[in-house]
Every structure is written in structure tokens, then in C-alpha cells.
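J.:
In my numbering, the protein residues as written are 9 to 418.
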């Protein structure tokens, strides 16, 4: 939860509390309304980049949660959290320097910042929004790439003294590299989200080559202690080992994964931006949940077909209101899924209207055919939309207006 949203939520809570009190005072039967929790979700509001600290703790970045969570990798217990009060805002990835300092990227602001071993906060670079993965070389050089709001790859000065050096600015469309790692050949490896391939760079002469392709949506790469490349495919929900021309699935989870990390014994830990979970992959391929998944960024909700539909940013979840069971979930891989995610929704007969101020669009989803029947793009932070007669009416936060949507424009 960002600091900006807390006042709004507090105001809503006060308003609802006053409404509830008014209702109780006018209740002629004397019955007091009761609050029942139907369903709960993740502790982490979308788990993004993960990295092990020198003392073996797992650090977990969360953009939407706007914090860094530190857990015990064996028990899953939360040991510490860093948020806005400590200067950590909207972190998308985290990496440790050889001297124990740790840094993160703030994707929405473009800031690359960190804490030195003595606890001093330092800004390494102020780039444009989109800074996503980052990694240190063994000799302490820091590299950052952009994804979704930019396509650049940079070397930045951890001390923030020297200006950033551009290595590549042509890695699009839509994304530079995502989760990066160093290969045994000394090259910097990274996946290209929208092209289904992994490339590597000589970071001194800025040359690149394609290493392996054929993935659905590769989100992160890591090498184990033996120098074997592993690729996380968020489109399929798999972690894949790459041995030359051979690909072997070593873990199967759900689509919407964000990143992964090896511990000192080569055990794999996986994060999910869609569900907010952290899972450990055991030797037999089974999974141990360290932090639970589920609703990670819930927004609007609506009643449809006897179920409660909840907009959850990168997912739409359907709950049985009696049992609280999550009956079904549509997970949306960012920028790829044909249906897309939502921050709000409303009913349109047997269809759902999906609203996203992240994607700046409104969509009408035919649940029976699982396809979009209407799609309105290029809006200014839409926050709600309803069917009114034959028209679709939406509110735009950025435009401070209520508009009628049409295929030829609002």
C-alpha cells in the first residue's frame, strides 16, 4: 500500500464507520450488524524481485506494497520490513553489493537507491520511470535495465557521483531486460519479455548476442553455482533449466511469476507479482509455501453468476460468498494477456466491465466465450465504468471528467 492511498482508505473507513453507526441507531429491531471476513489474501501486495543477503535472509521487493520484506527462508517468518519511513518507495528489484550494501529500483519514479553497510541511504541514479532489474558484478559495478516504461540498459555509479552510462537503448518493444544475472563467461544475461528470448551483453564494449529463444514470456534468468542457466517463464509459470539446446522444467507453478533466486545450496525460491506468494522448490520438485498467495492488490468487486468477482490488478478472482473459497482465477501476465487485469469492475448483464488505470483502458469481458467484446484504450486513468442504456460511461481521474466511450474515441 502506498502512502498516497492510506489517507483515502482512512477516509473511506471513517465514512463507512459513520454510515454503519447511523444504521445501527435507526435499527428498530435493535440488532447489531456483524462483520464477517469472507476471504483473505497475500501478506505481500505482489512479490517482485528477490535476493539473498550475505547472512542468508531473503529480501522481497514489492512495488504496490511499496516496501521491502525480509523473511526467514526456512520458516517463511517475516523478520523485518522497510517502507516509506525508511526511504524505500515502490521497489521492483533488490540486489546486494559485494560489501553488503543493498540497492533497489523504484520503477514508478526512476530512482535507483540503496543503503550502505553503515545504514546511510544513497541515490545511485535518477533515471526515467521503468527502472526494473538491477545486479552487481563481482567487482562492485552496478547495472540497471528498464522494463514496461522504458527499454534502456545502464551502468550506474553505486555512489551516485558519476553519471549513468548507456549500454543499450534499442531493446524494445516495451521492455529492455528483466531479471538479470552474470554468466560464467562474465557476460550479463537477461530475458526479453516480449520477444521470448534471452540475450547477453559484454558490458565493456556494449555488444550483445542471443543465447536462447522459444520461451513464452521470460521474466528472469539466474545461474546456479555450477554455472547452469535457469529461466523463469511467467507465461507458463515454470522455472526451466537450460543445458545447451536442452530445456528441462524443474518447477511448475502458476502464470504471473516475477522472479527467483538460488540460495547457497542451489535451492530455488520463487516470487509472484500476480498472487504475492513466495515458494521454495524442494529437491523432488514439490513446493513449500513460505508466504501465502491470493488477493494481492484487491480493488473493486461485483456480484455475478452467484459469485463475488474481485478486481486484483493482475488478476480477476471469483469467490464463493458462502464459503470464501476462491472458485476460479484469471491471471493476466502484464502486457501479454488478451483479457488483461483490472483495478475495478462492474457487471454488464452476464459480462464484466474491467477498468484499469494502470493500462489506461476499459474492457468488456464475455465470460462465457472468454473474449473481449469492447476495448477502449488511451484513457486518462479511468477508475470506474458502467453500462447506461446502450452506452458505456466512465470516469477519468486524470481528466477530471465523466465520459461516454465509443470506438471512435470518448
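Backbone N, C-alpha and C fix where the C-beta goes; we use that ideal spot for every residue, glycine too.
1. Mind checking which residues open and close the beta strand (DSSP E) that includes residue 89?
2. Going straight from the alpha carbon of residue 34 to that of residue 40, what length do you get?
3. As a quick exercise: from 208, 344, 265, 302, pick the residue whose alpha carbon is nearest that of residue 47.
4. Classify residue 234: buried if its beta carbon has 16 or more other beta carbons within 10 angstroms, exposed otherwise.
5. I'd like to confirm the pairing. Which residues does DSSP put opposite residue 129 in its beta bridges?
6. May I ask which residues mark the beginning and end of the beta strand (DSSP E) holding residue 316?
7. Quick check: residue 100 and residue 51, are their CB atoms within less than 7 Å of each other?
8. Where does residue 44 land, buried or exposed, given buried means 16+ other C-beta within 10 angstroms?
9. Can you list, in chain order, the residues of its chain with a C-beta nearer than 7 Å to that of residue 129? Leave out the 5 residues immediately preceding and following it.
10. What residues are listed by DSSP as bridge partners for residue 2?
11. Return yes when the Cβ of residue 212 is within less than 7 Å of the Cβ of residue 224, no when it is not.
12. Can you tell me where the beta strand (DSSP E) holding residue 369 begins and where it ends?
13. Would you decide whether residue 290 is buried or exposed? Buried here means 16 or more other CB atoms lie within 10 Å of its CB.
14. Let me check understanding here. Comparing Cα to Cα, which of 113, 354, 298 lies closest to residue 324?
15. Buried or exposed: residue 75, going by 16 or more other Cβ atoms within 10 Å of its Cβ?
16. Give a yes or no on whether the C-beta atoms belonging to residue 184 and residue 204 are separated by under 7 Å.
17. Quick one: Cα of residue 132 to Cα of residue 164, how far?
18. Alpha carbon to alpha carbon, how far is residue 199 from residue 219? Give it in angstroms, no decimals.
19. Measure the alpha-carbon distance for residue 320 versus residue 338 and round it to whole angstroms.
T.: Let me lay it out:
1. Where residue 89 is concerned, the enclosing beta strand (DSSP E) stretches over 86-90.
2. With a pLDDT of only 45 at residue 34, under 50, the local geometry of the prediction cannot be trusted, and the value read off the model is given with reservation. Residue 40 has its alpha-carbon roughly 11 Å from the corresponding atom of residue 34.
3. Answer by Cα proximity: 302.
4. Looking at its Cβ environment, which holds fewer than 16 other Cβ atoms inside 10 Å, residue 234 is exposed.
5. In DSSP, residue 129 forms a bridge with 123.
6. Segment 315-319, the beta strand (DSSP E) holding residue 316.
7. No, the pair does not count as a contact, with Cβ atoms beyond the cut-off.
8. Exposed, by the Cβ-count rule.
9. Correct list, in chain order: 95, 121, 123.
10. As shown, the chain starts at 9 and ends at 418. That puts residue 2 outside it, with no answer to give.
11. The Cβ atoms of residue 224 and residue 212 lie no closer than 7 Å to each other.
12. Start and end: 369-374.
13. Residue 290 comes out exposed.
14. Of the candidates 113, 354, 298, the one whose C-alpha sits nearest the C-alpha of residue 324 is 354.
15. With at least 16 other beta carbons inside 10 angstroms of its own, residue 75 counts as buried.
16. Remark: C-beta atoms of residue 184 and residue 204 do not approach each other more closely than 7 Å.
17. Taking C-alpha positions only, residue 132 is separated from residue 164 by approximately 7 Å.
18. So the alpha carbons of these two residues sit roughly 10 Å apart.
19. Roughly 10 Å separates the two Cα atoms.
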